[in-house]
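Listed in order, the protein sequences are those of chains A and B.
First residue of the first sequence? That's 1 in this note's numbering, and the numbers climb one at a time after it.
First residue of the second sequence? That's 1 in this note's numbering, and the numbers climb one at a time after it.
Let me begin by presenting the structure, written as structure tokens, before commenting on it.
2 protein chains.
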Amino acid sequence: MELLKNLEPGTGYQAWLGYPSIASDKSINEYMAYNRLHVTEDDEVIQTAVSELSRGLEGMLGVPPTQAVQVENAIVLGTIGGHPHVGLVFVEHQFEDIGPEGYFIWHDNENQSIVVGAATPSGVLYGTFHLLRVLRMGASLENLTLVERPANKLRMINQWDNMDGSVERGYAGTSIFYKDSRFSEDLGRVRDYARLLASVSVNAIVINNVNVHKVESKLITEFLPQVARLAAIFRAYAIKLFVSVNFASPIEIGGLSTADPLDPAVRQWWKDATAGIYQQIPDFGGFLVKADSEHRPGPFTYNRDHADGSNMLAEALKPFGGIVIWRCFVYNCKQDWRDRKTDRARAAYDHFKPLDGKFMDNVILQIKNGPIDFQVREPVSPLLGAMPSTNQVLELQITQEYTGQQRHVFYLIPQWKEILEFDTYAKGEGSTIKLAASGALHGNPLAGIAAVSNIGDDLNWTGHLLAQANLYGYGRLIWNPELTVDEITEEWIVLTFGHHEKLMATIKQILLSSSTIYESYTAPLGVGFMVTPHTHYGPDVDGYEYAMWGTYHYADWQGIGVDRTQATGTGYTSQYLGPNCERYESLVTCPDDLLLFFHHVPYTHILHSGKTVIQHIYDAHFEGAEQAAALVDLWADLSGTMEAGLHKQVTERLMEQAEHAKEWRDRINTYFYRKSGIADGLHRFIHL
Amino acid sequence: MELLKNLEPGTGYQAWLGYPSIASDKSINEYMAYNRLHVTEDDEVIQTAVSELSRGLEGMLGVPPTQAVQVENAIVLGTIGGHPHVGLVFVEHQFEDIGPEGYFIWHDNENQSIVVGAATPSGVLYGTFHLLRVLRMGASLENLTLVERPANKLRMINQWDNMDGSVERGYAGTSIFYKDSRFSEDLGRVRDYARLLASVSVNAIVINNVNVHKVESKLITEFLPQVARLAAIFRAYAIKLFVSVNFASPIEIGGLSTADPLDPAVRQWWKDATAGIYQQIPDFGGFLVKADSEHRPGPFTYNRDHADGSNMLAEALKPFGGIVIWRCFVYNCKQDWRDRKTDRARAAYDHFKPLDGKFMDNVILQIKNGPIDFQVREPVSPLLGAMPSTNQVLELQITQEYTGQQRHVFYLIPQWKEILEFDTYAKGEGSTIKLAASGALHGNPLAGIAAVSNIGDDLNWTGHLLAQANLYGYGRLIWNPELTVDEITEEWIVLTFGHHEKLMATIKQILLSSSTIYESYTAPLGVGFMVTPHTHYGPDVDGYEYAMWGTYHYADWQGIGVDRTQATGTGYTSQYLGPNCERYESLVTCPDDLLLFFHHVPYTHILHSGKTVIQHIYDAHFEGAEQAAALVDLWADLSGTMEAGLHKQVTERLMEQAEHAKEWRDRINTYFYRKSGIADGLHRFIHL
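In structure tokens:
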């Protein structure tokens with residue numbers, strides 16, 4: 001196993017997996033008593049666990065662990081079936097069902113040992129990372145009993161990396177996987193990335209962008225040997241490899257004249273191609289597909305539906321245990337802005353809901369959290385949980401496409417928690433998204449959560465150091481959606497920066513306020529977009545207003561917002577069930593922060609907050625920009641509490657954010673002042 | 001000499017140089033009487049004239065001309081000093097001073113010959129092309145006496161071609177000069193292009209984009225042999241070759257650490273480089289420079305001014321007779337949109353006017369026709385004619401960057417005529433731009449007109465067939481600014497399509513109405529821009545409104561326009577002299593079509609036309625889109641009057657224009673309806 005590169009301190013390269021020596025004598029003494037490893041299995045993943053544990057212990061304690069002959073005074077790692085002592089402990093203590101990936105960590109008072117046991121090697125690996133977290137957090141091992149199993153079976157990362165080395169919507173440098181239409185020669189960073197992912201329980205990765213161009217189409221043919229090399233790296237970390245495929249591959253690389261999913265030659269082509277993959281990668285995960293979406297080819301070309309398209313691939317994968325993940329991001333991207341009836345928000349539900357029950361059991365639909373596209377504020381997609389007989393995964397976006405592009409700090413965990421706790425009422429009260437995602441709601445065998453990664457070849461992985469918290473938190477949350485925002489945040493801060501009271505308080509404050517601040521100075525009240533076309537960075541209120549992408553705000557001299565009600569609008573609210581439908585439909589009950597997503601209202605409309613819409617816009621933008629500026633001071637105060645390099649890189653980003661927040665403030669305020677003619681009630685200066 | 005490629009009819013490749021056989025028996029009989037050439041000089045350019053004449057006569061008469069031993073019953077071509085008979089005719093008839101490039105064409109009744117004479121071979125070539133035009137127009141040769149000399153000494157074309165093969169602001173395919181960072185292997189098209197240019201008197205060409213990137217910087221070093229090959233092609237057509245140079249060349253390719261124009265090593269580097277050029281191209285024209293403009297390097301980097309920068313290059317070129325053409329397109333392209341004091345329109349004048357008299361006599365300042373950037377409607381640049389002691393050339397843009405990109409028809413000759421006739425009052429009444437451009441106004445030795453080409457490797461050269469008229473008309477107009485729009489237009493129509501009454505009437509109508517139509521449905525009343533950022537194609541009212549490019553309209557709920565008055569605005573009007581200044585300054589006298597360029601007015605302001613500004617916007621946009629649609633019908637009616645291929649290609653463009661004009665209409669009307677809240681007085685439907 002390749003070790004982390006020997007880098008200058010302060011780069012952030014180690015992320016949350018740094019293991020500095022422990023400062024507290026008490027802890028050192030306690031932990032030293034277990035600095036022996038008792039392992040009997042030579043499975044690759046268990047050996048990964050051993051390496052990780054050795055490295056962590058050596059870092060924290062100053063000496064590497066020795067090999068233990070007895071289980072006494074040792075850390076015992078193993079599977080229930082493979083390590084006799086672990087099996088014995090499991091049977092004696094009857095730990096609740098830990099499932100295939102769960103684990104228990106148990107402090108054996110009698111033998112003075114720590115037992116990390118699981119049903120499978122991957123469980124052992126997750127347990128090991130958990131034990132390392134316990135040590136890094138400085139907890140006592142006395143009476144330790146932890147029993148965990150993941151809520152979600154599929155815990156996936158999507159890389160939007162292209163083989164030319166670019167990363168679509170990537171804000172942390174270029175790809176660590178590819179360069180100049182080839183695989184990177186040095187895969188050391190991929191290995192280090194696998195460590196980061198496994199440490200937070202990710203068990204699946206799609207290695208290329210959902211927009212599959214000509215060259216990436218060949219990943220499943222010409223480039224298979226290199227893909228197999230990557231699969232081997234991830235396999236050691238219990239991560240399955242998936243590939244995004246081009247629906248038109250039979251034409252593009254297969255030499256056929258059609259990609260019609262019902263054409264026998266096409267079906268055979270996919271079967272042959274799939275068999276070829278499994279010959280080289282026996283545990284290959286399967287395919288991710290973006291079809292009939294934003295100019296990508298798909299079954300619509302042949303008058304087939306998405307069940308036809310995905311089932312064809314599922315049939316090819318079925319004999320090998322592979323799965324198809326089929327994205328529901330399907331909408332009319334050639335909309336006419338004059339047409340106020342067509343509603344992009346409706347599209348996924350309208351396209352897919354009627355197909356419920358028509359998909360094979362190894363097809364999973366991947367559904368974005370909101371009906372539009374990872375905006376700062378959107379309602380939850382009504383398609384989530386709405387197809388009882390179809391497997392679904394929830395898609396999140398860790399990369400901050402619309403949330404500041406890792407130049408602004410935007411901590412996503414609170415948003416994701418809100419989404420997971422949202423009640424769909426699909427099976428009555430309590431039908432939350434977290435249950436829909438995990439498959440528990442409808443009893444789906446395949447389910448889980450996927451997210452678009454936020455890493456690149458920047459030394460600190462994520463461009464903005466604080467954006468590492470989003471990757472960390474994503475992993476923690478998909479393992480256990482019951483974790484609180486506070487728990488995740490505090491863990492990440494300690495693991496990244498160490499123990500320090502003021503540092504903890506300040507960084508927590510910055511992270512927890514970040515999304516509210518960003519929302520304040522960008523598009524108001526859930527209306528979305530207002531960003532520069534193509535790049536999606538920075539303000540452009542009318543940037544998408546007359547475009548064909550279906551993302552409008554309809555601001556005129558009187559008011560703003562999209563009428564999505566059944567009474568007078570597009571009827572999108574009818575896709576929600578029971579209380580949700582009523583709540584969004586009515587101006588009286590619609591929450592302020594989604595008001596303009598659901599309703600077109602005059603600027604003088606009074607919000608629940610008591611302010612008019614226009615005054616809210618002005619206030620939020622003045623306050624948001626002020627708060628962004630205040631983050632710089634908060635951070636400045638942390639000078640000396642961490643590596644200077646870490647402090648400096650965040651300072652630079654926060655300063656950029658503060659400056660850019662002013663641009664947002666001024667453009668938005670001026671736009672609405674110019675349009676409404678209504679002056680700020682507090683007489684602050686707004687440029688005309 | 002390479003002949004025109006043998007192409008399918010109807011491509012438009014021959015442009016105005018096709019020579020179909022003459023239909024009228026009378027003309028054939030008349031012309032046949034002269035189908036012999038009497039030429040005594042073997043000069044390369046005269047031989048070009050012979051080739052062109054032979055080709056034309058053969059095409060029109062069906063048989064090639066023979067060589068004449070006597071001057072009787074022949075066309076006699078030659079220079080006054082080189083061809084004794086020509087010299088004799090010149091002396092006897094005392095044709096008024098024809099200058100170095102002028103010519104006379106004289107019908108010798110006695111000998112029944114046509115004498116084309118000039119002081120230089122280039123004059124002979126221009127005379128020959130003129131004679132060919134006479135024949136193509138079907139005029140009688142009886143008593144023919146034509147004496148011409150060009151109004152402008154420098155008649156230049158700027159190619160904005162990059163060596164990667166792209167053409168900046170090119171709308172007719174890719175470069176005919178370059179591909180993949182090399183010179184095109186087949187230079188046949190370059191030769192054919194040289195013919196087109198020489199036929200309308202262009203005598204200078206800059207072969208690369210003013211934005212000089214790394215690879216093009218090497219045109220004056222590594223690529224010199226290939227540049228010399230191009231120079232040889234153009235030399236045969238009496239066209240001098242110039243190169244755009246990178247001001248930072250001493251650093252980029254010279255290995256120096258500075259490009260400071262006062263640094264002796266830098267000056268020496270340019271002297272050496274220039275000497276190297278002249279070794280391979282003894283008649284090299286000189287350099288074109290875009291410096292300190294839109295992120296290009298320049299003297300400002302070293303706290304030097306533009307006289308320092310250009311004089312350094314002029315000094316290097318001086319010994320060889322070369323010249324420096326220095327662009328005045330210098331402005332702050334990082335303007336803050338909040339800043340209403342800084343005015344991009346002022347920039348060229350403010351930067352350059354104080355430097356009058358400081359430039360060497362082989363420096364020419366190249367000044368765009370308007371103060372902003374080739375908009376549909378702009379006032380004339382106040383810098384033109386304003387520097388008595390400095391050489392200037394007027395810069396026009398044939399390529400339709402802001403005028404429909406050769407997808408919309410926009411005949412530029414009327415606009416250029418207006419510009420040339422504009423009176424600057426620089427030396428009292430009658431100080432027109434045409435006199436400033438020609439140098440006659442202040443007696444400048446170097447002067448003329450330059451323009452950005454509109455050609456690419458599309459088979460018909462210009463994408464839109466009708467855009468050929470702009471290239472043709474440009475050449476005709478810079479030779480003789482006194483030509484009327486009608487004369488030029490009729491010439492081009494006959495030379496391109498032949499004689500046909502209805503065709504003449506219809507195409508003339510389309511061309512002459514085209515700029516008014518386009519102006520109607522795009523940005524109103526001189527306010528400019530409102531185009532999609534970067535591409536500059538299609539409507540985006542706020543596209544540049546909050547950008548750093550200094551191009552704003554300041555539309556709010558009450559009104560629109562840029563206050564450039566001295567009384568309350570940026571004071572730009574003060575750059576104009578006498579009556580111009582007063583006319584633009586006052587709302588009462590400012591012409592409607594420039595109103596919003598000079599004034600910010602309420603939507604309810606009454607124009608001279610009697611309409612309010614808002615009603616004008618609605619009316620113009622409804623009418624403009626309607627008129628654009630009507631062009632399709634007009635053109636349809638010409639079916640059968642020309643090659644089907646020619647008819648079809650224009651039909652397609654006109655249909656695209658009609659469709660796109662509706663998009664312009666709707667976006668602009670909706671934008672202003674949404675902003676002003678004022679409904680259309682005629683109750684037409686405007687999308688909200």
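C-beta atoms are modelled at their ideal positions from N, C-alpha and C, and glycine is treated no differently.
Taking a Cβ-Cβ threshold of 7 Å, none of the residues of chain A is close to Leu638/B; the smallest such distance is about 32 Å. Rounded to the nearest whole angstrom, the C-alpha separation of Met163/B and Val212/B is 10 Å. Ranked by Cα distance from Leu495/A, the first of Ala259/A, Leu132/A and Gly10/A is Leu132/A. Between the alpha carbons of Glu582/B and Glu545/B lies a distance of about 28 Å. Under the three-state reduction of DSSP, His408/B is assigned to coil, being neither helix nor strand. The C-beta of Ala555/A comes closer than 8 Å to at least one C-beta of chain B. Nearest CB-CB separation between Leu596/A and chain B: not below the 8 Å threshold. Taking a beta-carbon distance threshold of 8 Å, Gln615/B does not count as an interface residue toward chain A. Taking 8 Å as the CB threshold, Lys502/B stays off the interface with chain A. Non-local C-beta neighbours of Glu519/A in its own chain, meaning closer than 7 Å and more than five positions away in sequence, comprise Val376 and Arg377, ordered along the chain. Distance between Gly439/A and Ala151/A, taken at the CA atoms: about 9 Å.
The Cβ atoms of Val562/B and His534/B lie no closer than 8 Å to each other. Against chain A, a Cβ distance below 9 Å from Gly569/B picks out nothing, because the smallest value is about 14 Å. The three-state reading of DSSP puts Asp161/B in strand, counting E and B together. Nearest to Lys290/A by C-alpha distance, out of Gln112/A, Asp423/A, Ile364/A and Thr399/A, is Ile364/A. If you check the CB distance, Ile207/B and Leu230/B come in under 8 Å. Around the CB of Asp633/B, fewer than 16 other CB atoms lie within 10 Å, so the residue is classed as exposed. Counting along the chain, no alpha helix (DSSP H) covers Asn460/B, and no H or E run does either.
DSSP places Ala447/A in the uninterrupted beta strand (DSSP E) bounded by Ala447 to Val452. The Cβ neighbour count for His442/A, taken over all protein chains shown within 10 Å, is at least 16; the residue is labelled buried. The C-beta distance from Val527/A to Phe597/A rounds to 6 Å, short enough to fall under 8 Å. Looking at the backbone, the Cα of Ala118/B and that of Ala68/B are separated by about 20 Å. The beta-carbon of Gly528/A is placed no less than 8 Å from the nearest beta-carbon of chain B.
Residues of the region 664–685 of chain B with a C-beta atom less than 7 Å from some C-beta of chain A are Asp666, Arg667, Arg674, Lys675, Ser676 and Gly677, listed in chain order. Of the candidates Thr221/B, Ile668/B and Leu241/B, Leu241/B places its Cα closest to the Cα of Ala198/B.
DSSP, reduced to helix, strand and coil, places Leu230/B within a helical segment of the structure shown. Taking all protein chains shown into account, Met548/B has fewer than 16 neighbouring C-beta atoms within 10 Å of its C-beta and is therefore exposed. Thr570/A and Arg346/A have their C-alpha atoms some 8 Å from each other.
Ranked by Cα distance from Met60/A, the options Asp108/A, Val89/A, Thr79/A and Gly138/A are led by Gly138/A. For the pair of segments examined, the region 13–23 of chain A was found not to touch the region 85–98 of chain A: the number of CB pairs separated by less than 8 Å stays below three.
By the criterion of a C-beta distance shorter than 8 Å, Tyr278/A is surrounded in its chain by Phe284, Phe320 and Gly322, once the five residues flanking it on both sides are discounted.
Selection Gly559/A, Val393/A, Arg684/A and Thr48/A evaluated against Leu688/B yields Gly559/A as nearest (Cα-Cα).
For His687/B, at least one C-beta of chain A is nearer than 8 Å to its own C-beta. Counted as a single uninterrupted DSSP element, the alpha helix (DSSP H) harbouring Phe672/B occupies residues Ala644 to Ser676. In this structure, Ile281/A sits away from Ile239/A, with a CB-CB distance that is not shorter than 8 Å. With its beta carbon less than 8 Å from one in chain A, Arg338/B belongs to the interface.
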